[in-house]
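Using full-length UniProt numbering, read the sequence shown as starting at 1 and increasing by one per residue.
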Amino acid sequence: MSHFISFHSKQYISLPSPFGEGSGVRLLFPFQSFLSRRYIPLPSPFGEGLGVRLLLFLLSFLPSLYLSAQSFRKEIDAQPELSASNYLAYPAPSGRLTPPPAGYVPVYISHYGRHGSRYLIRKEQYIRPLRVLERADSAGVLTDAGRDAAAKIRRMLAESYNRWGELTPLGAEQHRRIARRMYERFPSVFSGPVWIDARSTVVIRCILSMENELQELLRCNPRLQIRHDASEHDMYYMNLSDEKLARQKENDEVKTTMKEWDGQHLDCRPLLSRLFTDTAYAGRNIDAPQLAHDLFSLAGIVQNSEIRHSLSLYSLFTPDERYRLWQRANIWWYLHYGGAPQNGGTQPFSQRNLLRNIITTADSCLALSRPGATLRFGHETMVMPLTCLLDLNSSGIQVFCVDSLEAKGWIGSRIFPMAANIQLVFYRNPRRPHADVLVKALLNEEEATMPLPATATPFYYRWSDFKRLYLAKLDSYREP
């Protein structure tokens, strides 16, 4: 017997369509629909009765996602640091998790995390804008705001000198806190002398992020058995370098999309007028978009080091400028690492080896009575496409009009802040050894949806369904 939702609100959402944007279904959907336990009878690729509840469960979150996306400008206005995109310092999670089904307990965690807060990677990122301001000051055309900015950049340069790209004290603290929360949330995974296998890319900030998490876990339980490594041997899945996909990220359509967006939305002249007294000098001597980008990067990175307590550069920008520069970064990351049709829609498959490793390693560990945890540490350029490959919270969407990214809920800042992480938590029912193994995804320690058949408990999915869907997805990939 079919049940239909009674429509009490007039919120519209658009369902993704396999036939391209605009050919999907437009539904009227109430905010609290999932709570009503009433479902629209829609066809399912998993067979009648299996996929319907999944679809309705996912849809129940889309109106709130849409409203959240629409208000992100307000969030940036209230907290300018949110405009920093991948430079955003790790936000504390809400702490609320849905309890597992009766009888189920967590037994294993599979994790991939980004390094914690860092300094800018290259010395030039500090020196280049500082040189522009100092030359203008020597020419007598720098404003008081420009001189103040130059003084702040000198302080930032001194703090970060010869530490380009290195983990900051805040970055180390972020990973210790993540480890402690992981231990406190899932104590049954880490009880007794279980094994923890940890791998890092060969970059020092990632290695130190790994070591900070492991040290904290050992403080929580000194009996843990730790294996940790950082080797080129594992880079084929920890940080795959795929030259063919890399070329697609910079194809003509991606370049044209960015160029057209910049031309329609970015105007750096007001910023220049606040920094320089002579517009003719600025026009002749300054690459305005580059300077705006450099200053905005410096403004964003401040929050990641100790200098954040005494310095800010966000006053250089108006609220509109902050929002537009965040928006540009959001679009850039989507076009280069998301499932954007402009890049062929295949960039998430850069993490195909990582996802396959996650699946095969989990299967191997789940064969043990005490599986422990597998921890991996790398970069946002892995976390972002892996999130899209898994389609967590519908992040794998294809959007043709990049101006609609925010309205469709694709907000990179919520995917890959400093110390971003994906945790797959596995559950067993010890009283029913043959019952389904369940898995839950956490994105930055918050529960995330996956495009899998729903179970009776939100956010919990059958491991068998996970493997079936994602292995088929991986097998379907053809190299460009």
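Every residue, glycine too, gets a C-beta built ideally from N, C-alpha and C.
Unbroken alpha helix (DSSP H) runs of length 4 or more, entirely within the region 159 to 211: which are they?
169 to 185
Taking a contact to mean a Cβ-Cβ separation below 8 Å, would you say I422 touches H228 in this structure?
no
Since I believe V437 is in contact with W463 (beta carbons under 8 Å), could you give me their beta-carbon distance rounded to a whole number of angstroms?
4 Å
From the DSSP secondary-structure annotation, give me the bridge partner or partners of residue 484.
Past the boundaries of the shown model lies residue 484; the chain is included only from 1 to 480, so the question cannot be answered.
Inter-stretch contact at 8 Å, needing at least 3 Cβ pairs: the region 344 to 363 / the region 385 to 394:
yes
Counterpart residues of Y108 in DSSP-defined beta bridges:
G372, F426
Where I226 sits in the DSSP three-state scheme
strand
CA-to-CA distance, K440 to Q215, given in whole angstroms
25 Å
Measuring straight from C-alpha to C-alpha, what distance separates Y39 and L275?
With a pLDDT of 31 at Y39, under the threshold of 50, the modelled position of that residue is not reliable, and the figure given next carries that caveat. In a straight line, the C-alpha of Y39 is about 58 Å away from that of L275.
Given a cut-off of 8 Å on the beta-carbon distance, is the pair L245 and P480 in contact?
yes
Starting from K440 and walking both ways along the beta strand (DSSP E), at which residues does that stretch end?
438 to 443
Drop a sphere of 10 angstroms on the beta-carbon of Y477, count the other beta-carbons inside from all chains shown, and report buried for 16 or more, exposed for fewer.
exposed
Do F190 and L218 count as a contact pair if the criterion is CB distance below 8 Å?
no
I need the straight-line Cα distance from A84 to F416, nearest angstrom please.
11 Å
Would you identify the three-state DSSP class for Y461, choosing helix, strand or coil?
strand
Output the distance between the C-alpha atoms of D77 and P319, rounded to the nearest integer angstrom.
6 Å
Is there contact here, the region 296 to 314 with the region 165 to 172, by at least three beta-carbon pairs under 8 Å?
yes
Mark C268 as exposed unless 16 or more other C-beta atoms lie within 10 angstroms of its C-beta, in which case mark it buried.
buried
For A299, the first and last residue of its enclosing alpha helix (DSSP H):
288 to 301
With DSSP as the reference, please indicate the residues paired to N421 in a beta bridge.
G113
Could you round the C-beta distance between L443 and L392 to whole angstroms and report it? I think they count as a contact, below 8 Å.
5 Å
Spatial neighbours of G113 in its chain, beta-carbon cut-off 6 Å, leaving aside the 5 residues before and after:
F377, N421
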